[in-house]
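When you line the sequence shown up against mature numbering (1 follows the signal peptide of the UniProt record, and there is no 0), it's residues -25 to -1, 1 to 315, in that order. A short write-up of the structure that comes next.
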Amino acid sequence: MRVIFKAKKIFIISAVLLTSLKTEAQDHIYSQFFNAPVYLNPALNGEFKGSFRMNMIYRNQWSSISGDLNYMSTSIDYQLPNIGGAVGLMFNSSSEGTAYLKKNNIAGIYSYSVGTEGFTASFGLQAGITNRKLDFSKLIFSDQLDPRLGFEGGASAAESPYNDNKYYFDAGSGVNFVIGNAMIGASMMHLNKPDESFTGSKVYTPIRTAVHASYRYALDPSDPYNEDGTFLIPSVVYYKQAEATSVSAGMQFKYRGVNAGAWFRSNGKGQSDSFVFSLIFDIFTNSYKNQKLRIGVSHDATTNKLNYSNTSGTSELSIGFETGEAKDKGYNSLKCYDFY
């Protein structure tokens, strides 16, 4: 029975990957969206107190299912106060099906901010190159499986892809507004709808739209900007890509250098997908030099048809660092990172 069950799981992963050769692919999303700000929205590039910031986040999805689903994003951004903008660089990597399908993207970002007392508007542009690669020899198909013995080896009759190593240009943009203690933003990725098909037939990457909103409520209203204070931070993020939608809503409780959050994610039709629990620790802070080292962890408890017992959920680890002397832009609004 164990052999048959393992064979079924191998077949499921192979089928998913084969389907991706001919259908529109979907981007991964991070549960810790607040620790992957540039991935969420290029307009959040440069939206922090210091002059230099680096963020890294790693996601291991459905860890108990055969065929690894791993995702990672790394970004650096640097403020250019003389022109009121910031530049950034982001690298995204995904590996699905024990490296059967790999996708790497590197992109440059430019953002520009304007504002007055209590208000900031920022705009971001992103452009880069994506490489999508498939190791077809590692895929397992139904004609290679025996109902009793499982995988038997041998060649499959499945047709190999026309091009298993593809490069294409990709672009996106975003806007973000901070009004007092509220923030709202939106982004659109894959604006040029690049063709990412391996088969030779045209398959265009659908635009990924994200809309996000957060509010920072100080439990001590007399000192709402004190970073050592206590805050409640409700947030909601809506994603849409082709027919796939997702809504994440939740609340964070922040006290000094510790931030704990609980989230509910649905598939956009009101059907439960997962519950998410997160913890963030600011290991050290130096307000004078705007230095901060942050570590975040989260875990998704799957509640959809796959259920938690089959998947063991999804875990994420993030690390963030920012530093640099304060840059006076002539206005005093909360930055996006201040919310969390």
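Cβ atoms here follow ideal geometry from the backbone N, Cα and C, with glycine treated the same way.
Contact under 8 Å by Cβ, residue i with residue j
i, j, result
"Gly93", "Asp52", "no"
"Ser39", "Asn285", "yes"
"Gly232", "Ser253", "no"
"Ser162", "Pro56", "no"
"Asp139", "Thr105", "no"
"Gly99", "Gly299", "no"
"Val97", "Asp275", "Per the sequence presented here, residue 97 reads as Ser, with Val not at that position. Cβ atoms of Ser97 and Asp275: not closer than 8 Å."
Per DSSP, cross-strand counterpart(s) of residue i
i, result
"Gln227", "Ile208, Gly236"
"Arg191", "Arg191 pairs with nothing; no bridge assigned."
"Ile270", "Phe256, Ile294"
"Val62", "Tyr53, Tyr85"
"Gly21", "None, per the DSSP bridge assignment."
"Val13", "Answer is none; Val13 lacks a bridge partner."
"residue 317", "Here the chain covers residues -25 to 315 and nothing more, so residue 317 does not appear."
"Asn67", "Ser48, Asn80"
Nearest-angstrom beta carbon gap, residue j and residue i [assumed within contact, 8 Å]
i, j, result
"Asn67", "Ser48", "5 Å"
"residue 321", "Thr289", "Here the chain has residues from -25 to 315 only, and residue 321 is not among them."
"Val251", "Tyr213", "In fact, because the Cβ distance is near 15 Å, the residues do not count as touching under 8 Å."
"Gly83", "Leu64", "6 Å"
"Gly204", "Leu19", "At roughly 23 Å, the Cβ-Cβ gap does not stay under 8 Å, so Gly204 and Leu19 are not in contact."
"Ala217", "Pro181", "4 Å"
Rounded separation between residue i and residue j - CA only
i, j, result
"Ser148", "Ala61", "14 Å"
"Asp2", "Ser197", "42 Å"
"Asn10", "Asp257", "12 Å"
"Ile255", "Lys177", "43 Å"
"Glu297", "Thr174", "43 Å"
"Met31", "Gln101", "18 Å"
"Asn156", "Thr220", "27 Å"
"Phe314", "Asp110", "42 Å"
"Tyr87", "Gly225", "29 Å"
"Leu207", "Tyr192", "5 Å"
"Lys229", "Gln266", "18 Å"
"Tyr190", "Gly295", "21 Å"
"Ser273", "Thr184", "23 Å"
"Val211", "Ser69", "25 Å"
As assigned by DSSP and simplified to three states, the class of residue i
i, result
"Asn45", "strand"
"Leu166", "coil"
"Gly299", "coil"
"Asn35", "strand"
"Leu281", "coil"
"Phe152", "strand"
"Thr95", "strand"
"Thr286", "helix"
"Phe173", "coil"
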